[in-house]
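Trainee:
Numbering (the numbering used here), first residue to last: 47 to 309.
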């Protein structure tokens, strides 16, 4: 399966990928094995779309991706009801697990770029080795918190390329990780870069995940707000109503394009 087989639909300034998790997983494996162009994948929730609305550069990165997957249930519901797509939530942590699991059959090599500290990265890598016996861990590193200089980008690319991964998992937060995969894509040999954000902290056991029933009922935002109120209150208390307003505005004005229109 190639990216051309997965439909995309309009929501605010972004064409999101309308896929089931299993379809996105097969596509990712295909990207690594088909010898085609080197690609990157973004995983977006509501907050990411708002950032795209405020920054056209980020919207352009999302629209140039091989897939911009729907991490948030409001995005999935928009795809189902407006674009009439048969799709599921492609939650970043689940996408990462699914590709790691399926990738064992074809010998995918994984590199982990992210984590807030060495302990988090070590716990993440140990968790994957434990959950997926036989997985090929090609390496990992915790990036500096400052923007990379040109020299640092070149050195980072040299280290990653020396490890010869098939997938580079990037977990440094949105939008930083999305700019990173776009900027580093020409420098890296790996067939696929995947920006999965908080998946690093979740799989390392550093941040608890919402119960499954809350994730299915579009209430994960409430759980995360309760767990990390100081960091996330603005995203959900201000961001969610703003998202609804902008969606209604697009529905009425059909700008920048008709809501739910397919690419």
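For every residue, glycine included, the Cβ atom is placed at its ideal position computed from N, Cα and C.
Note down, one range per segment and in chain order, each beta strand (DSSP E) of at least 3 residues found wholly within the segment 102-170.
Mentor: 113-116 and 155-160
Trainee: Just to confirm my understanding: we take residue 48, look at its own chain, exclude 5 residues before and 5 after, and list those with CB closer than 6 angstroms. What are they?
Mentor: For residue 48, the pLDDT reaches just 41, beneath the cut-off of 50, and the residue's location in the model is therefore unreliable, although a value from the coordinates is still provided. The answer is none, since no qualifying residue turns up.
Trainee: In the DSSP assignment, the beta strand (DSSP E) including residue 87 goes from what residue to what residue?
Mentor: 85-90
Trainee: Evaluate residue 353 with the Cβ neighbour count: other Cβ atoms within 10 Å of its Cβ, from every protein chain shown; 16 or more gives buried, anything less gives exposed.
Mentor: The first residue shown for the chain is 47 and the last is 309, placing residue 353 beyond what the model contains.
Trainee: How is residue 309 classed by DSSP in three states: helix, strand or coil?
Mentor: When DSSP states are grouped into helix, strand and coil, residue 309 belongs to the coil group.
Trainee: Can you give me the Cβ contacts of residue 205 inside the same chain, cut-off strictly under 6 angstroms, excluding the 5 residues immediately before and after it?
Mentor: none
Trainee: State the Cα-Cα distance for the pair residue 139 and residue 196, rounded to the nearest angstrom.
Mentor: Rounded to whole angstroms, residue 139 to residue 196 spans 30 angstroms at the Cα level.
Trainee: For residue 116, count the other beta carbons within 10 Å of its own beta carbon; 16 or more makes it buried, fewer makes it exposed. Which is it?
Mentor: Flag for residue 116 reads buried.
Trainee: For the alpha helix (DSSP H) containing residue 248, name the first residue and the last one.
Mentor: 245-249
Trainee: To the nearest angstrom, how far is it from the Cα of residue 163 to the Cα of residue 135?
Mentor: 29 angstroms
Trainee: Quick one: what's got a C-beta closer than 8 angstroms to residue 216's C-beta in the same chain, skipping five residues either side?
Mentor: 159, 160, 223, 226, 227, 239, 240, 241 and 242
Trainee: Using C-beta distances below 7 angstroms, list every residue in its chain close to residue 77, excluding the 5 sequence neighbours before and after it, in chain order.
Mentor: 85, 112, 237 and 238
Trainee: Under 8 angstroms between the Cβ atoms of residue 145 and residue 218?
Mentor: no
Trainee: Short check: CB of residue 129 to CB of residue 59, under 8 angstroms?
Mentor: Not in contact: residue 129 and residue 59 (Cβ atoms no closer than 8 angstroms).
Trainee: For the 8 angstroms Cβ check, are there 3 or more pairs between the segment 184-202 and the segment 250-261?
Mentor: no
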